[in-house]
Amino acid sequence: MQKGKKVKPTPPPSFQELITLENIGKFIKARRTEQGLSTNDCAMLCNISAYTLNKIENGFEGVRLNTLLQIMEALGMEMSMKDWNSDE
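Going by full-length UniProt numbering, the sequence shown opens with residue 1, and the numbers climb by one from there.
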């Protein structure tokens with residue numbers, strides 16, 4: 001990965017907010033910038049285009065779930081579900 005402009009960390013949205021494509025994109029951007037990765041470096045790491053990563057980080061619709069999961073895995077993130085029948 002090339003040396004260049006330092007990436008400024010972006011804070012993630014609240015973990016209490018509803019899960020939307022926009023919020024998932026914000027979480028991905030926050031994780032990417034926390035790791036000091038530029039959009040281009042992260043895209044190469046995830047084997048996607050920088051254009052696609054930019055669309056995802058900005059919450060555009062039409063994103064494939066497997067692409068989201070591929071990015072999240074590369075960044076050390078995971079998504080989970082909870083039992084909707086539990087009281088938690």
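Cβ coordinates follow ideal geometry from the N, Cα and C atoms, glycine included.
What residue from the options has the CA that sits closest to residue i's CA?
{"i": "Asn23", "options": "Val7, Asn66, Met79 and Asn85", "result": "Met79"}
{"i": "Pro11", "options": "Leu37, Lys26 and Arg64", "result": "Lys26"}
{"i": "Leu68", "options": "Trp84, Ser49, Ser86 and Asn85", "result": "Ser49"}
In whole angstroms, what is the alpha-carbon distance linking residue i and residue j?
{"i": "Asn40", "j": "Lys82", "result": "34 Å"}
{"i": "Cys42", "j": "Gln70", "result": "11 Å"}
Any idea what DSSP makes of residue i, helix, strand or coil?
{"i": "Gln70", "result": "helix"}
{"i": "Ile48", "result": "coil"}
Are the beta-carbon atoms of residue i and residue j separated by less than 7 Å?
{"i": "Glu57", "j": "Lys29", "result": "yes"}
{"i": "Val63", "j": "Thr33", "result": "no"}
{"i": "Leu21", "j": "Gly59", "result": "yes"}
{"i": "Ala74", "j": "Leu53", "result": "no"}
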